[in-house]
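Numbering (the numbering used here) for the sequence shown: 3 to 152.
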Amino acid sequence: KRSSLKDAWFVFDLLLVLLTIGEVWILTFILAVTGQKASMIQGTGLLRMLRLVRVLRLTRMTKLLRACPELMIVLKGLAYATRSVSVFFGVWMILIYFCSVMFRLFADGSEIGAAAYFDSVLSVMNTLFLRGIFSQNADFIIGITSVDPW
Numbered sequence: 003k004r005s006s007l008k009d010a011w012f013v014f015d016l017l018l019v020l021l022t023i024g025e026v027w028i029l030t031f032i033l034a035v036t037g038q039k040a041s042m043i044q045g046t047g048l049l050r051m052l053r054l055v056r057v058l059r060l061t062r063m064t065k066l067l068r069a070c071p072e073l074m075i076v077l078k079g080l081a082y083a084t085r086s087v088s089v090f091f092g093v094w095m096i097l098i099y100f101c102s103v104m105f106r107l108f109a110d111g112s113e114i115g116a117a118a119y120f121d122s123v124l125s126v127m128n129t130l131f132l133r134g135i136f137s138q139n140a141d142f143i144i145g146i147t148s149v150d151p152w
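Encoded structure:
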């Protein structure tokens, strides 16, 4: 237990925990007691700078990747797969946009065009995306987004 303070990573983690406790509990308590808002307090720039220290925790990843090069191969594979999936979703959205423009043009001036599903290109895209792809969960998703969209 006594030698734990000699470990640099332990001390670093301890400082991060103390910083988080100070920011979340102590600062919140002080704000509640004084009745001020966080934006009214001067000198919180130092706290913002100290939050960036948390990013240094990622340096441990390099240590892990050096010890186990197989992880680097897996991460490179994930990067290539992410690129392929992103291109697929981009083409998918272009296809949905193209189809929604066509549906909107064909439905204009008809009873279908007056419906809520086809009144604009965005609503047609929403209909194609939700009812076409997530057909079983469309009502659930629409119910969630109608309450609070963000």
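Glycine included, C-beta positions come from ideal geometry on N, C-alpha and C.
In this structure, DSSP gives C101 a helical state, which the three-state scheme calls helix.
For K65, the uninterrupted alpha helix (DSSP H) run begins and ends at T61 to A69, by DSSP. Its Cα nearest to that of I98, the residue M127 stands out among I143, M127 and F12. The segment 101-111 makes contact with the segment 125-141; the number of CB pairs closer than 8 Å reaches 3 or more. Using a Cβ distance threshold of 8 Å, I143 and F136 count as a contacting pair. In the structure shown, F90 falls within a helical segment according to DSSP collapsed to helix, strand and coil. At a Cβ-Cβ threshold of 8 Å, L7 and V13 count as neighbours.
An exposed status is given to F91, since fewer than 16 other beta-carbon atoms sit within 10 Å of its beta-carbon. The continuous stretches of alpha helix (DSSP H) do not include D9, and DSSP gives it neither H nor E.
For L29, the enclosing alpha helix (DSSP H) begins and ends at L29 to T36.
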